[in-house]
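All remarks here apply to the structure that follows.
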Amino acid sequence: MSEPKKQLSRREMLRRGALGAGLAGVAGTAAVLAARTARSGTVWQLDPEKCIQCGNCAVNCVLDPSAVRVVHAFALCGYCDLCFGYFPPGFEPDDEFETPGAESQLCPTGAILRRWTEGPHFEYTIDEALCIGCGKCVKGCGAFGNGSLFLQVRHNRCLNCNECSIAAACPAGAYRRVPADHPYLLKGEDQKA
Amino acid sequence: MNRHATAAAVLAILAALLAGAAPAVERFALPQFKSGYVRPATEVPAPRADLYDWLDVSALAAALAAASYLAIRARSRRGLWWLAVMSLAYFGFWRGGCACAVGATQNVALALGGGGYAVPAAVALFFILPLAATLFFGRTFCAGVCPLGALQELVVVRPLRVPAWLEHSLGLLAYIYLGAAVLFAATGSAFVICEYDPFVSIFRLAPLGRPASTMNALGGSTGMLVLGAAFLAAGLFIGRPYCRWLCPYGAILRLLGRVSRWRVTITPEECIKCRLCEDACPFGAIRRPTGDWPRGERLIERRRLAVLLVIAAALLAAGAGLGWRLVGPMSRMHHTVRQADRVRLEETGQVEGTVDLSDAFYATHRPPAELYAEAAAVEASFARASPLFGAWVGLVLGAKLIQLSVRRTRTDYEPDRAACVSCGRCFAYCPIERERWKKASGGTNAS
Ligand code: SF4
Ligand code: SF4
Ligand code: SF4
Ligand code: SF4
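Chains as they are written, first to last, in our numbering: chain A, 1162 to 1354; chain B, 16 to 462.
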């Protein structure tokens, strides 16, 4: 009868020792980690210089429609009357001051608004609520225009998933974690902002 | 006129730009506005404030304290149940599942992997706090804090008994999954725990605290939603299938739970071996008393242990070898390696045509040699990490063999330290415990 009692206490001692080791291990991990810790959180953002507008941003986000939308760096825009992010390739408007119907626009959801400013110049703004992040306009503007339209993860929408589903699918490796206090990778003038 | 000139200019550029993406280039002069038109600024809505991360950490700490108190001191199953409901609502549905200790394991691995990633302090605390709590109180995190556990906890209706051999074998999966998750996270390849989290798509379905329009969350994850539903359906009859056999964080908690300072007991008083609690645990965590082992067998046992140690060492070596053989396929989890492989196939004419993966590289106008060098560096890190992963798998198998052969003496019915998730179901099955309640509350049953 005394045999199991003694065994039990020996096991108990072993366990206490292991507990000490466990505490030391967790504390050690915490200490090592402390040296590689950032105060502030991170968010996901895509680098517009890497993006090839493959279309994954529109369909791979856990949100539907995607948290990725197009943004416009007005400072880079040529205010072109024949905008390649706005008109489908080969489009010939009858009258350059006319705003064409949705069927004549490149954007599948008519999310880009066109407004005359002065001379031959038109302003293009995004109705972000309509944009689905397909990147068609970005491709057009990047290939033939100034590249002032580009995609960004919009942080008023993004859930900041621990692993962004689009990042996992992006063929360009364009996604990375950025500090939450610099949550955008903008083009042109706005980069400084 | 103007328009046609631009159109002609554009057609000329067209040929040069078939690669598709192009960085900002000033093809068209920036207009100088004379009418007083002011260019709008690009809108940049801010993310959720950091403050909320600290709210999450505080909620975690408070929930851990509450779970430990309810499981160890108050011994209240009802309290734990309500805590699970609240944690599920907060960490699960409100926070969308991503304030998560299970997933934080990967952030920690990535930070320790040496790629220069700094883990946000809040995420580091999500990883560390439950581990520390487990060392003191056992797996109380699993009882009522973890949203994945809480969701499974609440759907158990008719748990079936899983045969011991199956339980032991499936239980190994979690350790292997942990090893794989650490490997892929530390090498910066993927966060597989997040990618294959069966429940997160369920959490994202309900629009708690967010405009419903932003929460039509099926995009890109329909398959995972189906998997989540399957896990929940299975969870009706098999208690916590994810926790028991897959959860990588649970694997760490099991190890720590074995040595915890305090833990859940079926009753704090003496067990009378009435066997009433034998089937109380839906997770198969209650162990029977063993009785005394015959004394003469000590020597045989020692010999067997020696043999098993040798086998374990062999398994470890074999695992490392296998890990070494698998460096190639494993490293393809990394984007750079996949891209380099594809570009190499195209450059050497082994495949025709391009795909998005290679187009993305050509659009950078970098020489392929650079990409190959980057991929080689990634493969080198896999060459170090992959044998370690293999050795880990071997170690897990070996340790299981040894664990199965070592005879423990148990005099009472008691929850297994590793397997018990501290849910408190067994309390009510114990007649001694019921007696204790009666005494404590003067007849009215508090829990
Ligand atoms: S997935 Fe990547 S390449 Fe495709 S559109 Fe999004 S950022 Fe661009
Ligand atoms: S074309 Fe696509 S990315 Fe551009 S505004 Fe329309 S929906 Fe958004
Ligand atoms: S982090 Fe999540 S919500 Fe945000 S863009 Fe990526 S997948 Fe969408
Ligand atoms: S085993 Fe894993 S999923 Fe289950 S409750 Fe524990 S940490 Fe959560």
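No residue lacks a Cβ here, since even glycine has one placed at the ideal position from N, Cα and C.
Taken in chain order, the members of the region 1324-1353 of chain A whose beta-carbon sits within less than 7 Å of a beta-carbon on chain B are Glu1324, Ser1326, Ala1329, Pro1332, Ala1333, Gly1334, Ala1341, Pro1344, Tyr1345, Leu1347, Lys1348, Gly1349 and Asp1351. Chain-order list of chain A residues neighbouring B:Gly338: empty, with the shortest C-beta distance near 23 Å, by a criterion of under 7 Å.
Here the alpha carbon of B:Ala433 sits roughly 18 Å from the alpha carbon of B:Phe142. B:Pro382 has a beta carbon lying at 9 Å or more from every beta carbon in chain A. Here DSSP, grouped into helix, strand and coil, assigns B:Arg319 to helix. Flagged as an interface residue toward chain B: A:Lys1211, by a C-beta distance shorter than 9 Å.
Here A:Gly1216 has Cys1295 and Gly1296 as same chain residues with Cβ atoms under 7 Å from its own Cβ, once five neighbours each way along the sequence are excluded.
For A:Ile1287, the enclosing beta strand (DSSP E) has its first and last residue at His1282 to Ile1287.
Contact check for A:Asp1208 against A:Leu1320 fails: the beta carbons are separated by 9 Å or more. Fewer than three pairs of CB atoms, one per stretch, sit closer than 8 Å, so the region 441-449 of chain B makes no contact with the region 364-376 of chain B. For B:Thr155, the three-state secondary structure derived from DSSP is helix. By the neighbour-count criterion, in which a residue is buried when 16 or more other Cβ atoms sit within 10 angstroms of its Cβ, B:Asp68 is buried. Around the C-beta of B:His183, fewer than 16 other C-beta atoms lie within 10 Å, and the residue is accordingly described as exposed.
In the DSSP assignment, B:Val358 falls within the unbroken alpha helix (DSSP H) covering His350 to Glu362.
At least one C-beta of chain B is nearer than 9 Å to the C-beta of A:Glu1284.
Cβ proximity to chain A below 7 Å picks out Ile143, Leu146, Ala147 and Leu150 from the region 143-156 of chain B. Residue-level contact check: A:Gly1202 touches chain B, since one or more beta carbons of chain B fall below 9 Å from its beta carbon. Placement of the Cβ of A:Gly1186 at a distance of 8 Å or more from every heavy atom of ligand 4 is found. In this chain, the beta strand (DSSP E) harbouring A:Thr1203 covers Thr1203 to Leu1207.
In the same chain as B:Ala390, and ignoring 5 residues on each side of it, the C-beta atoms closer than 6 Å to its own belong to Thr351, Val352 and Ala355, in chain order. If you draw a straight line from the Cα of B:Ala189 to the Cα of B:Ala266, it comes to about 6 Å.
When A:Pro1226, A:Gly1262 and A:Trp1277 are compared, the shortest CA-CA separation from A:Tyr1240 is found for A:Trp1277. Around the beta-carbon of B:Thr237, fewer than 16 other beta-carbon atoms lie within 10 Å, marking it exposed. Only Gly111, Cys113, Cys115, Gly118, Ala119, Gln121, Asn122, Val123, Ala126 and Leu127 from the region 99-127 of chain B bring a Cβ to less than 8 Å from some Cβ of chain A. Partner residues in the beta bridge of A:Tyr1336, as assigned by DSSP, are A:Leu1207. Looking only at B:Ala300, B:Glu316 and B:Ser50, the smallest Cα-Cα distance to A:Gly1280 is reached by B:Ser50. With a cutoff of 9 Å on beta-carbon distance, A:Ile1287 and A:Pro1269 are scored as not near each other. With a cutoff of 9 Å on beta-carbon distance, B:Cys296 and B:Cys157 are scored as not near each other. Distance from the Cα of B:Arg276 is smallest, within the candidate group A:Lys1348, A:Leu1180, A:Arg1197 and A:Gly1262, for A:Leu1180.
A Cβ-Cβ distance of about 4 Å is found for the pair B:Phe397 and B:Ser346, placing them in contact under the 8 Å criterion. Distance from the CA atom of B:Val160 to the CA atom of B:Glu41, rounded to whole angstroms, is 54 Å. Interface flag for A:Arg1171 against chain B is unset, since no Cβ pair is found closer than 9 Å. Secondary structure of B:Arg93 (DSSP, three-state): helix.
The closest heavy atom of ligand 1 lies 8 Å or more from the beta carbon of B:Gln354. Annotated three-state conformation of A:Phe1311 is strand, per DSSP.
For B:Val207, the enclosing alpha helix (DSSP H) has its first and last residue at Val207 to Glu210.
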